[in-house]
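Q:
2 protein chains.
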Amino acid sequence: MTRILLRNCSYILARPDEPVRPGGSILIEDGLIAEVGEASGKDDIVVDCEGGLAMPALVNMHTHAAMTLFRGYSEDKPLMEWLFDIWSVEAKLKPWHVRAGTLVAGIEMALSGISTAMDMYFHTAEAARALEDVGIRGYLAIGLFDFMREDETERQLKIAEEHVRTIRNAGFELAKPALGPHAIYTCSRSLLEGVKELSERYNLLVHMHLAETTESQRKSLELYGMREAEILNEIGLLSTRSSFAHGVYLSEREIGLLAGAGSTIVHNPVSNMKLATGGISPLRSLIDAGVNVTLGTDGPGSGNRLDVFEAAKLAALAQRHLLRNAAALRVSEVLRMATTNGYRALGLKGGVLEPGYVADVLVVDLKAPNMWPPRPERLPSNLVYSASPSNVKTLVVNGRLVVDEGRILTVDVEKVYEGFERAVMDLFSEHVE
Amino acid sequence: MTRILLRNCSYILARPDEPVRPGGSILIEDGLIAEVGEASGKDDIVVDCEGGLAMPALVNMHTHAAMTLFRGYSEDKPLMEWLFDIWSVEAKLKPWHVRAGTLVAGIEMALSGISTAMDMYFHTAEAARALEDVGIRGYLAIGLFDFMREDETERQLKIAEEHVRTIRNAGFELAKPALGPHAIYTCSRSLLEGVKELSERYNLLVHMHLAETTESQRKSLELYGMREAEILNEIGLLSTRSSFAHGVYLSEREIGLLAGAGSTIVHNPVSNMKLATGGISPLRSLIDAGVNVTLGTDGPGSGNRLDVFEAAKLAALAQRHLLRNAAALRVSEVLRMATTNGYRALGLKGGVLEPGYVADVLVVDLKAPNMWPPRPERLPSNLVYSASPSNVKTLVVNGRLVVDEGRILTVDVEKVYEGFERAVMDLFSEHVE
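Chains as they are written, first to last, in our numbering: chain Y, 1239 to 1671; chain V, 1239 to 1671.
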C-alpha cells in the first residue's frame, strides 16, 4: 500500500481534548498512522502541509446522501406538504439516481473534511459504490419499514439480508453494510426483533431515528405503553452497536438506558431547527450521563449542506441557547463529537493521530482570514466556531489521499455532474418547481 | 473610472424576491450598473463568470470588525467572565491594533461576498482606512458611552464630532462616519439627545444596540419608566437614519414604533445564541409590521466568523425553531434581509442589479457540489440554506473588482497577517490563554 508523508504541518491536534501541539510530519502506511512528529523516509506521496493544522477527519453520523437530488426542492412549505412533495418523487427513485446523488454528496463531504458517513437510504449497493469511488468510508444503513403490516415484515428482513450479502460480496475496501430500521412508528416489533437478530448474526451496526419529535414518543407510548428507548431496550436494540439519530425528546430514564448500553446519539442541529420540531437534543445531560454523542448533517433536504463544521458550531450555539449558559459545552467536547466519538460509534480505532490508528486525517488551512489568529491556544475554538469547508486543504482516508489543496483527486467531477443533471431531469421533469 | 464587464454569468438574481433569470452580462461604469443582460463594449476589465450566479452583494449591518484580534480568546467561560477578559485587553487597544484587526476582518468579509459593513468600534479613523484599503464600504459608527456621568457627556459628543470631521476630511471614497451610542444602559439621556442633534446637523446614520437582553429592557424601565424603543422614540432617535442591533426583546408597541419610524433592526442570530441571552429576534412579527430587517455577524468575539451566509441560514432556522413552523420565513425574505434591506438601511440605491444602482455585485460559484443542483428554481433556496464563503467567486464593490476567483486583489494578505501577528503579540503577550 502507498506510503504518504504529510510534511511540515504547522500544528497537530492529535486528540480533540488535548492542547494543539507544535507541528511536524505524519507518516501513513498501510492505511494506518505510522509515525507522528519527526517522521520522514522513503515515501510514495509527499504532501506539503505548511500553514496547516492536522487533525482527525470529521465523521458525519447521520445522512441520507442521495437526497442531494432534493436539495432546494419545494422549500418554504409547511412540513407535511414538503414531505409529501419529497415522497412523491422518492417513489420514482431508481438505483442510478441514487448513485448520481450519492456521488455529489460524497464529493461535497470529502471537500468538507468528512472521512466517514453513516448513510441511511435505499438502493444501497449503488450508494456504497458511489462513496467507495469518492474514497470515503460509507456505512450503508438500509432503510427498513413495514408500517406495522405483518405481511411486509419478512420481506423487509429478506431485503436487509440481501443488502448485507451484496455489500459484503462486492469487494469494497471501505463500504460496509448496516441496518437502518426507520423509526418506532414505521417498524413493527417483529421487524425490530428481526433486525436485532440479524445484527447479532452478521455483526452489524444498527442505525435508527429516535425521539425526533414529541409525536414519535406519543406513538411509542400508544403502541407499547413505554417510551422509545425503553421498548428498544426491552427488544435488545440498545448496545454499543447501535446509533440513534436525533434523540431530542428523551426522559432521564431513557438517557440512563442509552448510557448504560453504550449506545450513540447523533445530534442533527440544523435539521432539528429547520424541520421546526421545537426541540434541541439535551447534549449536556447526554454527555454528563455518559452517552456517546456524535454529529450528523441529516439529508440535504432537511440540512441542505453536508457540513460537519456547521453541525459542530450549531450544536454549541444551540446548547448555549437552550441552557442560557455560555459555558454549556466545552470546545473540546464539541470537537470530540465531530471526530473521535464518531469513530467510537463505528467500532473503528480512529479519531486520534497516533501510531496504530486509522489514517483518516484532515489538514485545515490556517492561512484563511477566518482562522486568524492561528495561535495554538485559540485553534480549538477557531475549529468549532469559525472553520468551514472553505478551510479544508487536505483529506486522507484510510491512508489514501482523497483531497489535496481543496481539490478532489478520486473522481471526475464534471462527469459526476453530468450524471447528476440527467438524474434530476429524469426525476423532476414532470414536476413544477 | 474603470469599466468592468461581468461576462457570461450563468444566472442573474437581479432582485432577491424575483425569480432567477437566465444569464448574461453586466456592464459596470462609474461605480454604477450600466447594463444588464446583453451588455458588451469597450471595457477595461472583463471577468468571465461562466458557471456563476450574479446577485447583489451582501451587507453586514452589525459588527465590531477589529475584534478579529479576540477571535477564539477566552472561550468556554460564562458570559461575564468572558466579557471581563475581553475588556481588560480592549483597554489597551491603540489605533494600530484596530487597523491590523480591521484589515483581517475586511479581507474576510470581502472573501465572504460582503460589500458593506456597519462597524461599531473606536479608533475609527484607522478602522475606516483599513476597510477603504480592502475596498469595501465601511460605515464607522463610533462607539459612544458616558455611563450616565454628566461630566463625560460633553466629551463623548466632542469625540463624535471630531470623528465625523476626521473621516469626512480624509478623502475616503467609501468610508463614512456614523454615530454609535452604545446602548440604553451605557448612554445618558443627555448623550442620546446630543447624538440626535449631531445626527441631524451632519446628516449621519445612528447605530445602537437595542433590546438585546431582558436586562437592558429592565434597566430602561428603571431609568425612564418606559421600554427601550419607547424612550428612543421620545428622544427622536427612531428614524429612517437609525438601525438597531439585536432587537430581541421587543413589545408589540415597540415594533409598531420602529415600523412607523422606518427604522432598521439588525438580526444577529449567531451572537444571540452564542451569548446565551435566551432569546431570538421575532423576525416574523417585525417583517409583518413593516420593519426593515437586516442581518449582522456581530464581532468575531461573539460571532467568530464574519459570514452573512451563515447569519442568513441561521436566521431562517432560528425563526422556524422559534415558531415551530417550517414556513416561518420565506427564502426571498431572507435574501432581502441579507442584501436589499441593508442598502435601504444605509440610504444607498443598491441591492438590485439594474441600471442606475450601485455596482456592488457578488458572483457565486455554482460549480461547487453544495450548490447542486443549480436549477434556477432551486438557486434562491441554495443561496440561503447551502451557500457559504467557499462559494464566493467574484466581488465588485462600487464598480471596483475586489475579489476574483476567490482571491483578494486589493491588499497584500501576507503583509496584513504580519501586522496582525504583531498586534496580537503586543496585546496578549502578558495574558495567559
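Ideal Cβ positions, reconstructed from N, Cα and C, are used throughout, including at glycine.
Between which two residues does the alpha helix (DSSP H) containing E1468/Y stretch?
A: Taken as a continuous stretch (DSSP letters only), the alpha helix (DSSP H) holding E1468/Y covers 1466-1473.
Q: Taking A1514/V as the query, report the chain Y residues whose CB atoms sit under 8 Å from its CB, ordered along the chain.
A: Going along chain Y in sequence order, the residues near A1514/V (Cβ under 8 Å) are R1558, H1559, L1561, R1562, N1563, A1564, A1566.
Q: Which residues in chain V sit within 7 Å of D1642/Y, going by Cβ to Cβ distance?
A: Correct list: empty, because the minimum Cβ distance to chain V is about 16 Å.
Q: So which residues of chain Y does R1701/V contact, with C-beta pairs closer than 8 Å?
A: Residue numbering for chain V in the displayed model covers 1239 to 1671; residue 1701/V lies beyond these limits and cannot be assessed.
Q: Under a Cβ-count criterion, where at least 16 other Cβ atoms within 10 Å of its own Cβ denotes burial, should F1756/V be classed as buried or exposed?
A: Not covered by the structure: residue 1756/V. The range shown for chain V is 1239 to 1671.
Q: So, under 8 Å CB-CB, L1349/V and G1644/V are touching, yes? Tell me the CB distance rounded to an integer number of Å.
A: Yes, L1349/V and G1644/V are in contact; Cβ-Cβ is about 7 Å, under 8 Å.
Q: Between A1550/Y, R1241/Y, G1275/Y, which lies nearest to I1266/Y when the distance is taken from Cα to Cα?
A: Selected option, being the one with the closest Cα: R1241/Y.
Q: Sort G1637/V, E1490/V, L1665/V, F1360/V by Cα distance to G1269/V and report the nearest one.
A: It is G1637/V whose Cα lies nearest to the Cα of G1269/V.
Q: With G1589/Y and T1532/Y assumed to form a contact (beta carbons below 8 Å), what rounded beta-carbon distance in angstroms separates them?
A: Contact flag wrong, Cβ pair sits at about 10 Å.
Q: Would M1575/Y and A1553/Y be called neighbours here (beta carbons separated by less than 8 Å)?
A: For M1575/Y and A1553/Y, yes; Cβs fall inside 8 Å.
Q: Grab the span of the beta strand (DSSP E) containing E1392/Y for me, first residue to last.
A: No beta strand (DSSP E) contains E1392/Y, which is instead part of the alpha helix (DSSP H) from 1388-1407.
Q: With distances taken from CA atoms, which of L1436/V, E1431/V, Y1377/V, D1389/V is nearest A1398/V?
A: For A1398/V, the nearest C-alpha among the options comes from L1436/V.
Q: If you reduce the DSSP assignment to three classes, tell me which class F1482/V lands in.
A: Here F1482/V sits in strand by DSSP.
Q: Taking CB distances under 8 Å as the criterion, tell me whether P1316/V reaches chain Y.
A: Yes, contact with chain Y.
Q: Look up G1381/Y in the DSSP assignment and give the residues it is bridged to.
A: Paired residue(s): G1418/Y.
Q: For A1606/Y, name the three-state secondary structure that DSSP assigns.
A: A1606/Y: coil per DSSP, three-state reduction.
Q: Under 7 Å between beta-carbons, which chain V residues line up against I1345/Y? List them in chain order, please.
A: Here the neighbours are P1607.
Q: If we ignore side chains and look at the alpha-carbon of each, how far apart do T1451/V and N1608/Y end up?
A: Roughly 28 Å separates the two Cα atoms.
Q: Name the chain V residues whose beta carbon is nearer than 7 Å to that of W1320/Y?
A: Within chain V, the residues near W1320/Y are A1564.
Q: Starting from L1349/Y, find everything on chain V with Cβ-Cβ shorter than 7 Å and list it in chain order.
A: Those are P1607, listed as they occur along chain V.
Q: Under 7 Å between beta-carbons, which chain Y residues line up against T1306/V? List them in chain order, please.
A: The contacting residues are W1610.
Q: List the residues of chain V that E1313/Y touches, going by C-beta distances under 7 Å, in chain order.
A: Near E1313/Y (Cβ distances below 7 Å), the residues of chain V are V1569, S1619.
Q: Nearest by alpha-carbon distance to G1485/Y: which of E1288/Y, V1599/Y, V1529/Y is it?
A: Ranking the options by Cα distance to G1485/Y, first place goes to V1529/Y.
Q: Output, in chain order, the set of chain Y residues within a Cβ distance shorter than 9 Å of R1309/V.
A: Residues of chain Y passing the Cβ test: N1608, M1609, W1610, P1611, R1616, S1619, N1620, Y1623, S1624.
Q: Buried or exposed for W1325/Y, going by 16 or more other Cβ atoms inside 10 Å?
A: With fewer than 16 other Cβ atoms within 10 Å, it is exposed.
Q: Please indicate yes or no: does the CB of Y1462/V lie closer than 7 Å to some heavy atom of the ligand NAD?
A: Judged by which ligands are present, the structure shown has none, so any question about the ligand NAD falls away.
Q: Work out the CA separation of V1601/Y and H1300/V for me, nearest whole Å.
A: If you take the alpha carbons of H1300/V and V1601/Y, they lie about 32 Å apart.
Q: Let me know if M1318/V comes out buried or exposed under the rule of 16 or more other beta-carbons within 10 Å of its beta-carbon.
A: Burial call: exposed.
Q: How about F1666/V and V1402/V: do their beta carbons lie closer than 8 Å?
A: It is not a contact, given that the beta carbons lie outside the stated cut-off.
Q: When the cut-off is 8 Å and only beta carbons count, does L1555/V lie next to chain Y?
A: Closer than 8 Å to some Cβ of chain Y, the Cβ of L1555/V qualifies, so yes.
Q: Tell me which residue opens and which closes the beta strand (DSSP E) that N1246/V is part of.
A: That run of the beta strand (DSSP E) goes 1242-1250.
Q: Report buried or exposed for L1395/Y, applying the criterion of at least 16 other Cβ atoms within 10 angstroms of its Cβ.
A: The residue in question, L1395/Y, is buried, as its Cβ has 16 or more Cβ neighbours within 10 Å.
Q: Please state whether DSSP places E1328/V in a helix, a strand or coil.
A: In this structure, E1328/V counts as helix in the three-state DSSP scheme.
Q: Taking Cβ positions only, does V1444/V come closer than 8 Å to chain Y?
A: By this cut-off, V1444/V is not an interface position.
Q: Check whether the Cβ of V1342/Y lies closer than 8 Å to any Cβ atom in chain V.
A: It does; some Cβ of chain V falls within 8 Å.
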